[in-house]
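Take a look at the structure set out below.
There are 2 protein chains.
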Amino acid sequence: MKRREHILLVSLELFNNEGESNLSAVDIANELDISPGNLYYHFKGKDELVTELYQRFEVGVELLLHEGLEAKSTLEEYWLHLYVLFEHIYNYRFFFRNISDLLQKYQSIEPRFRRLMEQQSRWVEQLLTGLLEEGVIADPNLAAERIKHLTDNIMLLFTHWFQFQVLRNRKLGQHDFIQSAILQIMTLLAPYMGNLQLQFMEACLELYQREKQG
Amino acid sequence: MKRREHILLVSLELFNNEGESNLSAVDIANELDISPGNLYYHFKGKDELVTELYQRFEVGVELLLHEGLEAKSTLEEYWLHLYVLFEHIYNYRFFFRNISDLLQKYQSIEPRFRRLMEQQSRWVEQLLTGLLEEGVIADPNLAAERIKHLTDNIMLLFTHWFQFQVLRNRKLGQHDFIQSAILQIMTLLAPYMGNLQLQFMEACLELYQREKQG
DNA sequence: GTCTATAAGTAGATAGAC
DNA sequence: GTCTATCTACTTATAGAC
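First to last, the sequence lines map onto chains D and Z.
This note's numbering numbers the first residue of the first sequence as 1 and each following residue consecutively.
This note's numbering numbers the first residue of the second sequence as 1001 and each following residue consecutively.
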């Protein structure tokens, strides 16, 4: 059972660094210093490996979303959940490198991922509505339609911001990646906020930075 | 010479509909009702095919960008160029389905694409600065920093909005795709605009819609 | 220009010995 | 549990006939 776990961890590392599609089962076995046959003993193939890694990603995300929905979190908690979501995305970033191809290749993941996105989307919409109701965001023009578009944009950041940064040759570590993503969301929302609220958000950012450094 | 052109057009169609990575040289030859050997006579391989298609995309985009920069276009023209850019992106959408993998596979394209993105990025920044100077956008808080982030977000829409729509199972035709993209940009900029300017933008949208329908 | 035939390379998968 | 050996399937690429 320990070997199985080891294979998973090393695979995740390899996938994240080199891309899932660039690695064959043999490559993974070589890196692990075991034979391909042995790898196939533990996992029926790359299929089972990727699916299990996705499982872990999904569980982590759903935990966060449910926490948010059920426990009636404060907005601060909601907001800090954003950080953890991007942390999560970074840790499983191989998955977001070429999502379309990956979902096509591993079709059992596709419906699950779509469901996850829908959940996430509703979560974001609640976050925005919450910010609006609490007066953190205060703008009469923020109609339901506008909120939908903002939600889409934030979802786009979830699913493709990492790819975009790679595309622009910005090789960011976890921390810088998360920070850039949150900054991007703040840019989206900034115009709807007063100066006090903006300062609150920026304080959150700094807080998170210090927490991670210390 | 006519067959060569025919191959290019059919390949573009196939790539757009099924994804470049899902098609082998044999598949393309079959669709064309010619032999693989014949295909290899005209193009050294998928490599040469894809590169030549990219070339066409690049030429089209650069034409637009240069028009904008040199001819000192009015802001209206600038804005309408956005439509045409997304039109272009849609016509070569296979390219944006999994950009990272594609650029890794066809390495001669990578530096060219990056250069193109830089140009486009500067172009967008000029558009935003222009809107600011002309008073279409009127907000004292729009510092240089904020403009950079907005530019990034718009670039993200250029490179990944199509992928995102596919991911969310929204199968849009060219027209609906362009409209959704422009709406997304408008949502970004709306809070910085007065009601009059917003109406102008929406008028642009309707105009474009009618033009394309009629 | 176009075809057939075939080589060469690679990924995925399994059987059977240890 | 782990290994070696091997097989299938697929794609790219080329040589040589028509």
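Note that beta-carbon positions come from the ideal geometry of N, C-alpha and C, so glycine has one too.
All values derive from a computational prediction rather than experimental measurement.
Report task. Step through the CB atoms of chain Z and report whether any lies within less than 8 Å of the CB of R168(D). Result -> Position 168 of the first sequence, counted from the first residue, corresponds to residue 168(D). Under the Cβ criterion of 8 Å, R168(D) is counted among the residues facing chain Z.
Query raised in the report: Residues in the region 15-27 of chain D with C-beta within 9 Å of chain Z's C-beta atoms, listed in sequence order?
Result: G19, S21, N22
Report task. Answer with yes or no whether the minimum CB distance from L65(D) to chain Z is below 8 Å. Result -> What you label residue 65(D) is simply residue 65 of the first sequence in a count that begins at 1. No, its Cβ sits nowhere closer than 8 Å to a Cβ of chain Z.
**Report entry** Contacts of R1146(Z) in chain D (Cβ-Cβ under 8 Å)
**Finding:** Walking along the second sequence from the start, residue 1146(Z) turns up at place 146. Within chain D, the residues near R1146(Z) are T187, A190.
Query raised in the report: Is it true that the CB of Q1126(Z) sits closer than 8 Å to the CB of W1161(Z)?
Result: Walking along the second sequence from the start, residue 1161(Z) turns up at place 161. Walking along the second sequence from the start, residue 1126(Z) turns up at place 126. Cβ distance not < 8 Å, so W1161(Z) and Q1126(Z) don't count as in contact.
Query raised in the report: With V1026(Z) and P1036(Z) assumed to form a contact (beta carbons below 8 Å), what rounded beta-carbon distance in angstroms separates them?
Result: Position 26 of the second sequence, counted from the first residue, corresponds to residue 1026(Z). Position 36 of the second sequence, counted from the first residue, corresponds to residue 1036(Z). Yes, V1026(Z) and P1036(Z) are in contact; Cβ-Cβ is about 5 Å, under 8 Å.
Query raised in the report: Out of curiosity, what's the CA-to-CA distance linking R3(D) and V10(D)?
Result: Looking up residue 3(D) in the first sequence gives position 3. Looking up residue 10(D) in the first sequence gives position 10. The alpha-carbon atoms of R3(D) and V10(D) are separated by roughly 10 Å.
Query raised in the report: Using a Cβ-Cβ cut-off of 8 Å (strictly less than) and excluding sequence neighbours within five positions of Y1083(Z), which residues of its own chain qualify?
Result: On the second sequence, residue 1083(Z) is found 83 positions in, with the first residue counted as 1. Excluding positions up to five away in sequence, the list reads I1178, I1182, Y1208.
Query raised in the report: Is there a Cβ from chain Z that is less than 8 Å from the Cβ of S108(D)?
Result: Taking the first sequence and counting its residues from 1, the one referred to as residue 108(D) is at position 108. Taking Cβ atoms only, chain Z never reaches closer than 8 Å to S108(D), which makes this a no.
Query - Beta-carbon proximity of Q1174(Z) to E1058(Z), cut-off 8 Å - result: One-based indexing of the second sequence puts residue 1174(Z) at position 174. One-based indexing of the second sequence puts residue 1058(Z) at position 58. Contact flag unset, no.
**Report entry** the region 90-105 of chain D in contact with the region 11-26 of chain D per 3-pair CB rule at 8 Å
**Finding:** In short, these stretches touch, since the Cβ pair count reaches three.
Requested in this report: Compare the Cα-Cα distances from L1053(Z) to each of Y1106(Z), M1117(Z), E1031(Z) and report the closest residue.
Outcome: If you number the second sequence from 1, residue 1053(Z) lands on position 53. Nearest option by C-alpha distance: Y1106(Z).
Requested in this report: Could you check the C-alpha separation between A1029(Z) and K1046(Z) for me, to the nearest Å?
Outcome: Sequence index remark: in the second sequence, residue 1029(Z) carries index 29 (1-based). Sequence index remark: in the second sequence, residue 1046(Z) carries index 46 (1-based). The straight-line gap from Cα to Cα measures roughly 11 Å.
Query - Secondary structure of I137(D), DSSP reduced to three states - result: As a first step, residue 137(D) must be located in the first sequence, where it is residue number 137. Residue state, collapsed to three classes: strand.
Query - N- and C-terminal bounds of the alpha helix (DSSP H) containing F43(D) - result: If you number the first sequence from 1, residue 43(D) lands on position 43. Judged by DSSP secondary structure, F43(D) falls outside any alpha helix (DSSP H); it is assigned neither H nor E.
Query raised in the report: Which value, in whole angstroms, describes the spacing of the CA atoms of Q119(D) and F1164(Z)?
Result: Your numbering for residue 119(D) matches position 119 in the first sequence. Your numbering for residue 1164(Z) matches position 164 in the second sequence. A direct Cα-Cα distance of roughly 16 Å separates Q119(D) from F1164(Z).
**Report entry** Separation of L1102(Z) from H1042(Z), as counted between CA atoms
**Finding:** Position 42 of the second sequence, counted from the start, is the residue given in the question as residue 1042(Z). Position 102 of the second sequence, counted from the start, is the residue given in the question as residue 1102(Z). Taking the straight line joining both Cα atoms gives about 22 Å.
Query raised in the report: Got a sec: is the Cβ-Cβ distance from I1099(Z) to anything in chain D below 8 Å?
Result: Along the second sequence, one-based indexing puts residue 1099(Z) at 99. Taking Cβ atoms only, chain D reaches closer than 8 Å to I1099(Z), which makes this a yes.
Query raised in the report: What residues of chain Z sit near R114(D), judged by a beta carbon separation below 9 Å?
Result: Mapped onto the first sequence, residue 114(D) falls at position 114. Going along chain Z in sequence order, the residues near R114(D) (Cβ under 9 Å) are L1167, R1168, N1169.
Requested in this report: Could you tell me how far apart the beta carbons of L1156(Z) and L1188(Z) are, in whole angstroms, since I believe they sit closer than 8 Å?
Outcome: As a working mapping, residue 1156(Z) is identified with position 156 in the second sequence. As a working mapping, residue 1188(Z) is identified with position 188 in the second sequence. At roughly 10 Å, the Cβ-Cβ gap does not stay under 8 Å, so L1156(Z) and L1188(Z) are not in contact.
Requested in this report: Express the C-alpha separation of L23(D) and I31(D) in angstroms, rounding to a whole number.
Outcome: As a position in the first sequence, residue 31(D) is number 31, starting the count at 1. As a position in the first sequence, residue 23(D) is number 23, starting the count at 1. According to the sequence displayed, residue 31(D) carries Glu and not Ile. Cα to Cα, the separation comes out at about 11 Å.
Query - Backbone CA spacing between N1195(Z) and H6(D) [nearest angstrom] - result: Along the second sequence, read from residue 1 onward, the residue named residue 1195(Z) stands at position 195. Along the first sequence, read from residue 1 onward, the residue named residue 6(D) stands at position 6. Distance between the alpha carbons of N1195(Z) and H6(D) is about 59 Å.
Report task. Report the residue ranges of all alpha helix (DSSP H) runs contained in full by the region 1001-1033 of chain Z; include only those spanning at least 4 residues, in chain order. Result -> Runs of the alpha helix (DSSP H) spanning 4 or more residues and lying entirely within the region 1001-1033 of chain Z occur at 1002-1018, 1025-1032, in chain order.
Query - Close Cβ partners of D139(D) (< 6 Å) along its chain, the five nearest in sequence each way excluded - result: Residue mapping note: residue 139(D) aligns to position 139 of the first sequence, counting from 1. The residues are Y192.
Query raised in the report: Looking at the unbroken alpha helix (DSSP H) that takes in Q104(D), where does it start and where does it end?
Result: The residue given as residue 104(D) occupies position 104 in the first sequence. Taken as a continuous stretch (DSSP letters only), the alpha helix (DSSP H) holding Q104(D) covers 99-105.
Query raised in the report: What whole-angstrom Cβ distance do V1166(Z) and L1075(Z) have, given they're in contact under 8 Å?
Result: What you label residue 1166(Z) is simply residue 166 of the second sequence in a count that begins at 1. What you label residue 1075(Z) is simply residue 75 of the second sequence in a count that begins at 1. Their Cβ separation, rounded to whole angstroms, is 32 Å, which puts V1166(Z) and L1075(Z) out of contact at 8 Å.
**Report entry** According to DSSP, residues forming a beta bridge with M193(D)
**Finding:** Taking the first sequence and counting its residues from 1, the one referred to as residue 193(D) is at position 193. According to DSSP, which records beta bridges pairwise, M193(D) is partnered with I137(D).
Query raised in the report: Distance, Cα to Cα, L1205(Z) vs E1211(Z)?
Result: Taking the first residue of the second sequence as 1, we reach residue 1205(Z) at position 205. Taking the first residue of the second sequence as 1, we reach residue 1211(Z) at position 211. Distance between the alpha carbons of L1205(Z) and E1211(Z): 10 Å.
**Report entry** Supposed close pair N98(D), R1114(Z) - CB separation, criterion 8 Å
**Finding:** The residue you call residue 98(D) lines up with position 98 of the first sequence. The residue you call residue 1114(Z) lines up with position 114 of the second sequence. Rounded, the Cβ-Cβ distance is 18 Å, inconsistent with contact.
Query raised in the report: Closer than 8 Å, Cβ to any Cβ of chain Z: which residues of the region 112-138 of chain D, in chain order?
Result: R114, M117
Requested in this report: In angstroms with no decimal places, state the Cα-to-Cα distance between I1109(Z) and K1171(Z).
Outcome: If you number the second sequence from 1, residue 1109(Z) lands on position 109. If you number the second sequence from 1, residue 1171(Z) lands on position 171. Counting only the Cα atoms, K1171(Z) lies some 27 Å from I1109(Z).
Query raised in the report: Do V1061(Z) and L1080(Z) have their C-beta atoms closer together than 8 Å?
Result: For the purposes of this step, residue 1061(Z) is taken as residue 61 along the second sequence, with counting starting at 1. For the purposes of this step, residue 1080(Z) is taken as residue 80 along the second sequence, with counting starting at 1. Going by C-beta atoms, V1061(Z) is not nearer than 8 Å to L1080(Z).
Query raised in the report: Is S1108(Z) helix, strand or coil by DSSP?
Result: If you number the second sequence from 1, residue 1108(Z) lands on position 108. It is coil, neither helix nor strand.
Query raised in the report: Closer than 8 Å, CB to CB, is L82(D) near chain Z or not?
Result: Within the first sequence, residue 82(D) is the residue found at index 82, counting from 1. No, because no Cβ of chain Z sits closer than 8 Å to the Cβ of L82(D).
Query raised in the report: If you run the structure through DSSP and keep just helix, strand and coil, what is L1142(Z)?
Result: By one-based count along the second sequence, residue 1142(Z) stands at place 142. Coil.
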